[in-house]
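> Let me begin by handing over the structure; questions about it come next.
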Amino acid sequence: MPELPESVGRTVNTPIGLVKGLKTTFMTMLRPAVTVQYPHEKETITPRARGVIALKEENCTVCMLCARQCPDWCIYIEGHKDKEPPRREGGKPRTVSKLDRFDIDYGLCMYCGICVEVCPFDALHWSPEFEYSEPNIADLLHAKQRLGQWENTVPEAPALEAGAEAPKGKKK
Amino acid sequence: MIGPVAGTFLGIHAAYWNEAVLKLVLGFALALTGAGTFVYVYLFKMVSHLQSRLGPMEAGPHGSLQLFAEVLKFLQKEDVFPAKADRLVFGAAPFVVIMSTLLIYVVIPVGPRGVASNLDIGILYALAVSSISVIGVLMAGWASANKYSLMGGLRAAGQLIAYELPLVLAVVGVVMQAGSLNLQRIVAGQANFKLFGFQGLGLYAIPQFVGFLIFLIAAQAELTQTPFDMPIAESELVAGYMTEYTGLRFLVFFIGEFATAFALAALGAVLFLGGWWLPGMGAHWGSAAWSREVVGTAVLFAKVMLLGFVIFWVRFTLPRFREDQLQKFAWKFLIPLALANILVTGIAKVVASA
Amino acid sequence: MAPEADAAGSTATDEQAVGESPPPSPRHREIVEVLGRELGEGLLGHHYSARDAWVRVSPASWRQAGLVCRDVLGLAYLSFVSAIDWKQAPDLGGQKRWDPEAEPTEEPADGPGRWTTGVAGGGTRFQVFARLYDVVGHVGLTLKVDAGDGPDGEGGAAPRAESWVPLFRGADWHERETWEMYGVEFEGHPGLRHLYLPGQFEGFPLRKDFPLLAREVKPWPGLVNVEGLPGEDEPEEPEGSGA
Amino acid sequence: MTATESQQRAYIAGQAAEARVNFALETEGMTLNVGPQHPATHGTLRIVVRLDGEQVVWADPIPGYMHRGYEKLCEVRDYAQVTTLINRIDWLGSFCNEVPFVLAAEELMGIEAPPRAQYIRTVLFEMGRIANLTLFLGDMAAQVGALTPVFYAFRDREYVLNLIESVTGGRFHPNFDRIGGLKDDLPKGWIDETTQVMRRIGEFCDEIDDLLIGNRIFEERCRGIGVVPRDVALEYGLSGANARASGIDWDLRRDEDSPLAWNHADWKVWTHPDGDSFARYWVRQQEVREASKIVGQLLDDLPSGPIRAKTPARIRIPRGETWMHAENPLGEMGYYVVSDGSPGGPFRCKIRTPSFSNVSIVPWLLRGVYVPDVITILASLYFILGDIDR
Chain W
140 MPELPESVGR
150 TVNTPIGLVK
160 GLKTTFMTML
170 RPAVTVQYPH
180 EKETITPRAR
190 GVIALKEENC
200 TVCMLCARQC
210 PDWCIYIEGH
220 KDKEPPRREG
230 GKPRTVSKLD
240 RFDIDYGLCM
250 YCGICVEVCP
260 FDALHWSPEF
270 EYSEPNIADL
280 LHAKQRLGQW
290 ENTVPEAPAL
300 EAGAEAPKGK
310 KK
Chain L
104 MIGPVAGTFL
114 GIHAAYWNEA
124 VLKLVLGFAL
134 ALTGAGTFVY
144 VYLFKMVSHL
154 QSRLGPMEAG
164 PHGSLQLFAE
174 VLKFLQKEDV
184 FPAKADRLVF
194 GAAPFVVIMS
204 TLLIYVVIPV
214 GPRGVASNLD
224 IGILYALAVS
234 SISVIGVLMA
244 GWASANKYSL
254 MGGLRAAGQL
264 IAYELPLVLA
274 VVGVVMQAGS
284 LNLQRIVAGQ
294 ANFKLFGFQG
304 LGLYAIPQFV
314 GFLIFLIAAQ
324 AELTQTPFDM
334 PIAESELVAG
344 YMTEYTGLRF
354 LVFFIGEFAT
364 AFALAALGAV
374 LFLGGWWLPG
384 MGAHWGSAAW
394 SREVVGTAVL
404 FAKVMLLGFV
414 IFWVRFTLPR
424 FREDQLQKFA
434 WKFLIPLALA
444 NILVTGIAKV
454 VASA
Chain A
205 MAPEADAAGS
215 TATDEQAVGE
225 SPPPSPRHRE
235 IVEVLGRELG
245 EGLLGHHYSA
255 RDAWVRVSPA
265 SWRQAGLVCR
275 DVLGLAYLSF
285 VSAIDWKQAP
295 DLGGQKRWDP
305 EAEPTEEPAD
315 GPGRWTTGVA
325 GGGTRFQVFA
335 RLYDVVGHVG
345 LTLKVDAGDG
355 PDGEGGAAPR
365 AESWVPLFRG
375 ADWHERETWE
385 MYGVEFEGHP
395 GLRHLYLPGQ
405 FEGFPLRKDF
415 PLLAREVKPW
425 PGLVNVEGLP
435 GEDEPEEPEG
445 SGA
Chain S
10 MTATESQQRA
20 YIAGQAAEAR
30 VNFALETEGM
40 TLNVGPQHPA
50 THGTLRIVVR
60 LDGEQVVWAD
70 PIPGYMHRGY
80 EKLCEVRDYA
90 QVTTLINRID
100 WLGSFCNEVP
110 FVLAAEELMG
120 IEAPPRAQYI
130 RTVLFEMGRI
140 ANLTLFLGDM
150 AAQVGALTPV
160 FYAFRDREYV
170 LNLIESVTGG
180 RFHPNFDRIG
190 GLKDDLPKGW
200 IDETTQVMRR
210 IGEFCDEIDD
220 LLIGNRIFEE
230 RCRGIGVVPR
240 DVALEYGLSG
250 ANARASGIDW
260 DLRRDEDSPL
270 AWNHADWKVW
280 THPDGDSFAR
290 YWVRQQEVRE
300 ASKIVGQLLD
310 DLPSGPIRAK
320 TPARIRIPRG
330 ETWMHAENPL
340 GEMGYYVVSD
350 GSPGGPFRCK
360 IRTPSFSNVS
370 IVPWLLRGVY
380 VPDVITILAS
390 LYFILGDIDR
């Protein structure tokens, strides 16, 4: 057990402590303030910040994995099957699921990122966008158009620190 | 030798009533601008920089109009009376507190003729009047039918009374040295005070240094500010006796608090830092030139801002005493020290006059 | 990471089940031996893992086991006291999805006498377990005791266990929480009253057969499936673990 | 002034006797509700206090205003979802909540995270501790009356939170732990940014030293207040800085051989003999200093390699039970995970939180104490409501 510094063992009864405290606050007053005046100046957001979930509609094959894995049950998906022209001519038409509705209720979402991770087709991405608050909580249910708009605010994954293994291709 | 400064108020010859109204208006103006500058400079700006932040910046350039925004906010708020409150007493409490503050401004000299009424017992009157606020605080604490306010009120009563004594005893040293209770004569005394033979540096703060320290500590306690802010201990009693007040009444309490701070800082400046007097002003004494008044007020204002800085600097740095430690500190430490100071001043005066 | 395992088979006093892992450290073996000696047949079973030790005692010697641990073995730090309800999720036959429409399977997989209990055995549905720790020797021990079958047992008497409050004053809150969540009656407890839930709350939330209402109210978004082509048959039941 | 149990008893008996005398004089006491909305409780803890004048005759804390039923929720969710859930228990140092649970799951599955992941886990664990305890250093000062340290604490804590966000994406709820390692690796330039911030945290501790530790008023308010002797601390299960302030030399990071990388850095465990509020404050301040040293050392020799071990796509924990605990900023936090081998989540997950036991000592501690000291003692015990109520 390391030895206690002498000053902590017993009560200091000289007022030097008060003076040292006053000196500290005085010196801080001379240094510039650290606050950021938010509406006028904005802080730089880190590329990995989990602000909002953006959807790339073309990748989505309506496999419903994200809706099932979401702990808060806040992803509502509706889709229908459809016939697609065959890839190679003469082949038989492919049946493909089309996405009708993909809503995320950000009033319920806890930003855990399970849906982004579990999506096998890389359709959901994190975007550091955070200024989308609404006066009415019901408006926090955003449809797939809005999620699509956020898609173009999704940054490139930042380069990794030295000594890190390269990620296996899948963009987190 | 500087004779007592007589003559009319600011050298204006007017009937009694117009003069009284003029004094009332100027007194109110001094109190409100004093409290306002204290709030803006210290509570908004200095505190923020002490805590490495900028403070209000939105209202007006660099937050200068924040004060008016605050006042408007309080005025348009609903004046809530708690259900079981004792309505009459609850309503009157803040005005008792503000009354005791504004009465102090009657005797504060801002210039050779700039004093509302040059009472002969100036300093005794000021200290007596400042202790009326205890009644207001008790009224507020008791009437708001809230356990926390009751505790805040009782703590305030105990503390304010306990710190009246050191406040008065600290001043006795100065009065003995100036030989009079009249504040103008105290200022004049400091002007003529010869310290080790040369006339310039005649502030009572230097010989009466102990008295000055005790005065500042006791003033901090009178204002119920940290380290003596048990009555408004925001981490226990939310806002002490002011918890239940909203709207205009809270604004009156708020102005009362900062007007008292300005008044006590002004008293401290007059008693210990030479009031409106500066070494250069001694040459042609007594002429009624307007410049003497304006310069006097500016000098007093600068000294008050200096004292205000010390008061608020201590307020936002130190933690808070528990109320029994606070009482022990007053009765066992401050009062004996003040008595010793009086003793020493007495001996020094006798030796000096012999 | 596992400290050196005991070389030969442990010479624990009572029988050492074949294939049971050896005690992680001599201190663990000594704890189990002292408990075996002090409690006699009160010590019903024990179990070692690579790093930890469990002990199961009979309901009669629960308080005595705590006393021995605290005074003789130096395990003076009370980490927690709690309970486990070994009943499988009732009507869904082990399926942990609270699916309101899912029809209950024929009859639950387990019942009195057929509980699948955990480490160091145990024969009843409710089991009280506690964790003690020695802050000087840096060794911990988990003690278990059977507390009865509760509503499933015959006569439906509430599960019971002796209270540890006379040994550790800190056990007061733990036992109040366990009583509130599982309905385990602690004999000798100064005042079993609700700790978290409001006074007039009836039912014991952490029991397995207490439904999680939040899931009953709102249909699970994962139930919906891709609507088939017109004329195709109904899409099959959506699989996927408990969301 | 080491107060033994007898001294504490005599002090309380004296106060209580005095209080009884007042009862005889029929000054009936006042029952006061401290909380649930009260500035001194971190969240919604309500304490019913019976006063005689300014002295407390008895106190009864009533938790449960923040009870979210975590243990029930853990039983209906699978392992990935439970990690997102449990970092909301102690929401100030939230990375530290995930680590014991994920270690327990890894132990049940017999998986070992690669060394680089263990190092980064320890670094983020210590940064969660710094984020948690710097807030305490500022907050206790505010409860005792000094308003400025809170702002310094939040200012320096922001840098740590920004660093955590640049790695994990979440400032408060990183949700960065996966069974078998971490979700992602460090972004470029993160290491030297962190070393600067750690120096800044060291400066913050020096500022607190000047402002409070030597301060006569702070010592007057905190020394000898809320004395917890050693064996009472053990009996009530006090852990972490509360136990170390009562002279118990016990720190899980040093005493248990946990898979994380604490033993690769050299740092000291500070204890204090007095067991009063001042000791708890001082021990936590040293803990912040040591944590910033640990982060600096571990980042210097960070091994390279993969960030995550190979795990099957569908996590399936074999049948078994385990108890895994770690030295969380508030104390000993542990998970007793019972798995029955089904694909879903744990069968039973007992969450042992430090604040639950730290607050259970309050009825014993608050007898015969002044009202302002009630606030000092509550602040010095440093509990978080999410921890108590789960």
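Residue numbers (our numbering), protein chains in the order written: chain W, 140 to 311; chain L, 104 to 457; chain A, 205 to 447; chain S, 10 to 399.
Where is the CB? At the ideal position from N, CA and C, for every residue including glycine.
All values reported here derive from a predicted model rather than from experimental measurement.
Output yes or no for whether 8 Å exceeds the beta carbon distance between V368(S) and P355(S).
The sequence position of residue 368(S) within the fourth sequence is 359, counting from 1. The sequence position of residue 355(S) within the fourth sequence is 346, counting from 1. In this structure, P355(S) does not lie closer than 8 Å to V368(S) by Cβ.
> So, using beta-carbon positions, are E300(W) and P196(S) closer together than 8 Å?
Here residue 300(W) refers to the residue found at position 161 when the first sequence is read from its first residue. Here residue 196(S) refers to the residue found at position 187 when the fourth sequence is read from its first residue. Yes.
> Does the CB of G154(S) have a neighbour CB from chain L at under 8 Å?
For the purposes of this step, residue 154(S) is taken as residue 145 along the fourth sequence, with counting starting at 1. For G154(S), the answer is yes, since a Cβ of chain L falls inside 8 Å of its Cβ.
> Run the CB neighbour count on W120(L), radius 10 Å, all protein chains shown included, and call it buried at 16 or more, exposed below.
Position 17 of the second sequence, counted from the start, is the residue given in the question as residue 120(L). When all chains shown are included, W120(L) counts as exposed.
> Nearest-angstrom Cα distance between Q328(L) and R418(L)?
In the second sequence, counting from the first residue as 1, residue 328(L) sits at position 225. In the second sequence, counting from the first residue as 1, residue 418(L) sits at position 315. Distance between the alpha carbons of Q328(L) and R418(L) is about 6 Å.
> Taking only the alpha-carbon atoms, compute the straight-line gap between Y290(S) and P215(L) and give it to the nearest angstrom.
Locating residue 290(S) in the fourth sequence gives position 281, counting from the first residue. Locating residue 215(L) in the second sequence gives position 112, counting from the first residue. Distance between the alpha carbons of Y290(S) and P215(L): 55 Å.
> Is T204(L) helix, strand or coil when you go by DSSP?
If you number the second sequence from 1, residue 204(L) lands on position 101. T204(L): helix per DSSP, three-state reduction.
> Could you tell me whether the Cβ of A277(W) comes closer than 8 Å to any Cβ of chain S?
If you number the first sequence from 1, residue 277(W) lands on position 138. Output row for A277(W): interface = no.
> Does DSSP classify A273(L) as helix, strand or coil?
One-based indexing of the second sequence puts residue 273(L) at position 170. In this structure, A273(L) counts as helix in the three-state DSSP scheme.
> Can you give me the C-alpha to C-alpha distance between Q90(S) and P422(L), rounded to a whole angstrom?
For this step, residue 90(S) is matched to residue 81 along the fourth sequence. For this step, residue 422(L) is matched to residue 319 along the second sequence. If I take the Cα positions, the gap works out to 44 Å.
> Looking at the secondary structure, which residues open and close the beta strand (DSSP E) in which R263(S) lies?
For this step, residue 263(S) is matched to residue 254 along the fourth sequence. Note, R263(S): premise wrong, no beta strand (DSSP E); alpha helix (DSSP H) at L261 to D264.
> Below 8 Å between beta carbons: does that hold for G156(W) and G223(S)?
If you number the first sequence from 1, residue 156(W) lands on position 17. If you number the fourth sequence from 1, residue 223(S) lands on position 214. Yes, they are a contact pair.
> Please state whether the Cβ-Cβ distance between A140(S) and L101(S) is less than 8 Å.
Position 131 of the fourth sequence, counted from the start, is the residue given in the question as residue 140(S). Position 92 of the fourth sequence, counted from the start, is the residue given in the question as residue 101(S). Taking 8 Å as the Cβ cut-off, A140(S) and L101(S) qualify as a contacting pair.
> Confirm the yes/no value for this check: CB of A300(S), any heavy atom of the ligand MG, distance under 7 Å.
Looking for the ligand MG in the displayed structure turns up nothing, as the structure carries no ligands at all.
> Of all the CB atoms in chain S, is at least one closer than 8 Å to the CB of S286(A)?
Within the third sequence, the letter at position 82 stands for residue 286(A). Closer than 8 Å to some Cβ of chain S, the Cβ of S286(A) qualifies, so yes.
> Output yes if chain W places a C-beta closer than 8 Å to the C-beta of L279(A); else output no.
As a first step, residue 279(A) is located in the third sequence; it is residue number 75 there, counting from the start. With 8 Å as the cut-off, L279(A) does not count as an interface residue toward chain W.
> Around the C-beta of S286(S), are 16 or more other C-beta atoms found within 10 angstroms, so that it is buried, or is it exposed?
Reading the fourth sequence from its first residue, position 277 is the one you call residue 286(S). Per the 10 Å Cβ criterion, buried.
> To test your reading of the DSSP string, which unbroken alpha helix (DSSP H) runs of 4 or more residues are found completely within the region 381-446 of chain A?
If we require 4 residues or more, the alpha helix (DSSP H) runs fully inside the region 381-446 of chain A come out as 417-421.
> Please identify the residue among T362(S), L142(S) and L60(S) whose C-alpha is closest to the C-alpha of D69(S).
On the fourth sequence, residue 69(S) is found 60 positions in, with the first residue counted as 1. Looking at the Cα atoms, L60(S) is the closest of the given residues.
> Just checking my contact of R397(A) with D356(A) at CB under 8 Å: how many whole Å lie between their CB atoms?
Walking along the third sequence from the start, residue 397(A) turns up at place 193. Walking along the third sequence from the start, residue 356(A) turns up at place 152. Going by Cβ atoms, the distance from R397(A) to D356(A) rounds to 26 Å, so no, they are not a contact pair.
> Residues of chain L with a CB under 9 Å from the CB of T164(W): which are they?
Mapped onto the first sequence, residue 164(W) falls at position 25. Correct list: L153, Q154, W416, F419 and T420.
> By the three-class DSSP mapping on this structure, what secondary structure does E330(S) have?
Indexing the fourth sequence from 1 puts residue 330(S) at position 321. Strand.
> In three-state DSSP terms, what is Q292(A)?
Numbered from 1 along the third sequence, position 88 holds the residue referred to as residue 292(A). Q292(A): coil per DSSP, three-state reduction.
> What in chain L is Cβ-close to R207(W), meaning under 7 Å?
For this step, residue 207(W) is matched to residue 68 along the first sequence. Chain L residues near R207(W): none, gap ~46 Å exceeds 7 Å.
> Looking only at its chain, what residues have a beta carbon closer than 7 Å to the beta carbon of V132(S), apart from the 5 residues adjacent to it on each side?
Translated into the one-based positions of the fourth sequence, residue 132(S) becomes position 123. Here the set comprises V304, L307 and L308.
> Do Y379(S) and Q46(S) count as a contact pair if the criterion is CB distance below 8 Å?
Taking the fourth sequence and counting its residues from 1, the one referred to as residue 46(S) is at position 37. Taking the fourth sequence and counting its residues from 1, the one referred to as residue 379(S) is at position 370. No, the Cβ-Cβ distance between Q46(S) and Y379(S) is not below 8 Å.
> To the nearest angstrom, report how far apart N251(S) and L286(L) are at their CA atoms.
Locating residue 251(S) in the fourth sequence gives position 242, where the first residue counts as 1. Locating residue 286(L) in the second sequence gives position 183, where the first residue counts as 1. Approximately 56 Å between the Cα atoms of the pair.
> Roughly how many whole angstroms lie between the Cα atoms of R226(W) and A206(W)?
As a position in the first sequence, residue 226(W) is number 87, starting the count at 1. As a position in the first sequence, residue 206(W) is number 67, starting the count at 1. The alpha-carbon atoms of R226(W) and A206(W) are separated by roughly 29 Å.
> Going along chain W, which residues have a C-beta under 8 Å from L157(L)?
Residue numbering aside, residue 157(L) sits at position 54 when the second sequence is read from its first letter. Under the 8 Å cutoff, chain W gives A172, T174 and Q176.
> Report the rounded CA-to-CA distance for A365(A) versus L271(A), giving the unit in angstroms.
Looking up residue 365(A) in the third sequence gives position 161. Looking up residue 271(A) in the third sequence gives position 67. Rounded to whole angstroms, A365(A) to L271(A) spans 15 Å at the Cα level.
> Under 8 Å between the Cβ atoms of P338(S) and G284(S)?
Mapped onto the fourth sequence, residue 338(S) falls at position 329. Mapped onto the fourth sequence, residue 284(S) falls at position 275. Not a contact, by the Cβ cut-off of 8 Å.
> Going by DSSP in three states, N249(L) sits in which element: helix, strand or coil?
Within the second sequence, numbered from 1, the residue matching residue 249(L) stands at position 146. If DSSP states are grouped into helix, strand and coil, N249(L) belongs with coil.
> Helix, strand or coil for A308(L), going by three-state DSSP, please let me know.
Looking up residue 308(L) in the second sequence gives position 205. Here A308(L) sits in coil by DSSP.
> Can the beta-carbon of L44(S) be found closer than 8 Å to that of L399(A)?
Looking up residue 44(S) in the fourth sequence gives position 35. Looking up residue 399(A) in the third sequence gives position 195. Residue 44(S) is actually Gly in this sequence, not Leu. Their beta carbons are not under 8 Å apart, which means G44(S) does not touch L399(A) by this criterion.
> Pick out whichever of V340(A), K348(A), V332(A) and R274(A) has its Cα sitting closest to the Cα of W258(A).
Counting from one through the third sequence, the residue named residue 258(A) turns up at place 54. Nearest option by C-alpha distance: K348(A).
> Measure the C-alpha to C-alpha separation of L390(S) and L172(S) and round it to an integer number of angstroms.
The residue you call residue 390(S) lines up with position 381 of the fourth sequence. The residue you call residue 172(S) lines up with position 163 of the fourth sequence. The alpha-carbon atoms of L390(S) and L172(S) are separated by roughly 28 Å.
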